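Under our numbering, think of the first position of the sequence shown as 617, with each following residue one higher. We put the CB at the ideal spot given by N, CA and C, even for glycine. Predicted model, so just to flag it, every value in this text is computed and none were measured. Worksheet: the structure to be examined is printed underneath.
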Amino acid sequence: MTHHDELRLLPWSGSDEKPCYLSTDNNDSHLSRLADAIESVELEVATELTHYAAEVLADQEADPTELRLLATGLAHSLSKTLRVAHSRGRRVREGGHPFAEQGGQAPRPPAEASG
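See below:
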């Protein structure tokens with residue numbers, strides 16, 4: 617098992633929205649692979665939402681309700697993405713390589729996200 621400071625932050629919360637952690641020496645365990653898959657989905661959702669946001673914000677006649685829903689979705693997605701970044705950042709500092717599922721490359725934001 618891993619030491620307390622080496623616990624993996626999982627991409628979901630427990631009861632009362634408390635963080636969940638995984639303690640394992642096997643990065644290929646069922647729970648590790650599930651967490652990797654969920655992280656990948658969350659990053660893909662963030663990418664798609666970023667594309668959608670660019671479309672909505674380009675519409676000069678965008679409905680205020682649609683803008684509010686977009687802001688809510690972006691805030692939720694950012695929260696999930698920050699959790700993934702925090703988890704992966706910890707694993708990089710600990711000598712792991714959390715981007716194996718992307719062929720060793722960190723995910724890149726879409727080009728239009730940078731302006």
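Start and end of the beta strand (DSSP E) containing residue i?
i, result
"Ser629", "624–629"
Please say whether residue j and residue i have beta carbons closer to each other than 9 Å?
i, j, result
"Ser703", "Glu671", "no"
"Leu665", "Gly630", "no"
"Ala653", "Leu638", "no"
"Leu626", "Pro635", "yes"
"Val708", "Glu658", "no"
"Leu683", "Tyr668", "no"
With a threshold of 16 other CB atoms inside 10 Å of the CB of residue i, please say whether the residue is buried or exposed.
i, result
"Ser693", "buried"
"His620", "In this prediction, His620 scores a pLDDT of 47, lower than 50, which makes its location untrustworthy; the coordinate-derived value is nonetheless stated afterwards. The residue in question, His620, is exposed, as its Cβ has fewer than 16 Cβ neighbours within 10 Å."
"Arg624", "buried"
Spatial neighbours of residue i within its chain, please: C-beta separation below 6 Å, excluding the five flanking residues on both sides.
i, result
"Ala662", "Ser693, Thr697"
"Ala678", "Val672"
Between which two residues does the alpha helix (DSSP H) harbouring residue i extend?
i, result
"Glu633", "Run containing Glu633: none; DSSP gives neither H nor E here."
"Ser645", "Taken as a continuous stretch (DSSP letters only), Ser645 belongs to no alpha helix (DSSP H), as it is neither H nor E."
"Ala691", "680–709"
Tell me which residues share the same chain as residue i and place their Cβ nearer than 7 Å to its Cβ, disregarding the 5 neighbours each side in the sequence.
i, result
"Arg706", "Leu625"
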